[in-house]
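Working notes for the structure below.
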Ligand code: ADP
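What follows is the structure, encoded as structure tokens:
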């Protein structure tokens, strides 16, 4: 990745440079997007960059579609090139800071990122594995407005030392309900494969940041109404000026 003006800012004046880690379905996109509105920094989801490239029908589109639909990881080279282009375009528009979601996903990506900029904080979101699968299978997107919803009602009992949890569905408004689509990689078989790949390729990234004192572990206590205020508390943002407007 080349050093963009965004990445060379003085750490004392620049905006936050945070990373969200966590298994597929944990809610990285939801909480990264809320925090990015809250803090006024761009939310950059590499999964979205890949899906945009696929829908643009560019030269990489069919190769990427095949990889993503099978739940495999895109090569480090391709993902870094997509991310660099996005960061450079953002820097040209005067954007600063970022909340990364879905990157880095391999040790090599983490090392490359570490070589070009300082990451301030890595938030590792955690949820029971049975909830992750149910959340991926319940995920729906409005094909018109792009809104993200979830039709799963998760009601898990205390089991094998894991505490129970209730997460109500996040249903679409009436104008979206007939336009819902499911991601091609949100089938049971592919989600299970993505969880295996996470454990093998991405879990070591947690240790990478833990050993550098940058990892904040956050066990999601339930749905958004319970988890969001607790996340703000864990980030020492609960008395942030924008809290009332952004938390709505
Ligand atoms: P999730 O976190 O739910 O698995 P994402 O939307 O983050 O899904 O990513 C979707 C797909 O995009 C991944 O399964 C992978 O194929 C590709 N992808 C996204 N980010 C990366 C990355 N950093 N490295 C490699 N592949 C990636």
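Residue numbers (the working numbering): 3 to 250.
C-beta: ideal position from N, C-alpha, C; glycine also.
Check each candidate in 46, 47, 81 and 44 and name the one with the smallest Cα separation from residue 62. 81
Does DSSP classify residue 23 as helix, strand or coil? strand
Candidates 106, 67 and 99: which alpha carbon is nearest residue 24's? 106
Using DSSP with H/G/I as helix, E/B as strand and the rest coil, what is residue 30? helix
Quickly, what does DSSP pair residue 2 with across the bridge? List them, please. This structure cannot settle anything about residue 2, because the visible part of the chain is limited to 3 through 250.
Give the secondary structure of residue 237 by DSSP, where H, G and I count as helix, E and B as strand, and everything else as coil. coil
Around the C-beta of residue 26, are 16 or more other C-beta atoms found within 10 angstroms, so that it is buried, or is it exposed? buried
Residue 103 and residue 47 look like a contact to me (Cβ under 8 Å); what is the Cβ gap, rounded to whole Å? 4 Å
Quick one: using the 10 Å Cβ neighbour count with 16 as the cut-off for buried, is residue 168 buried or exposed? exposed
By Cβ distance below 6 Å, which residues in the same chain neighbour residue 17 in space, the five residues on each side in sequence not counted? 43, 98 and 99
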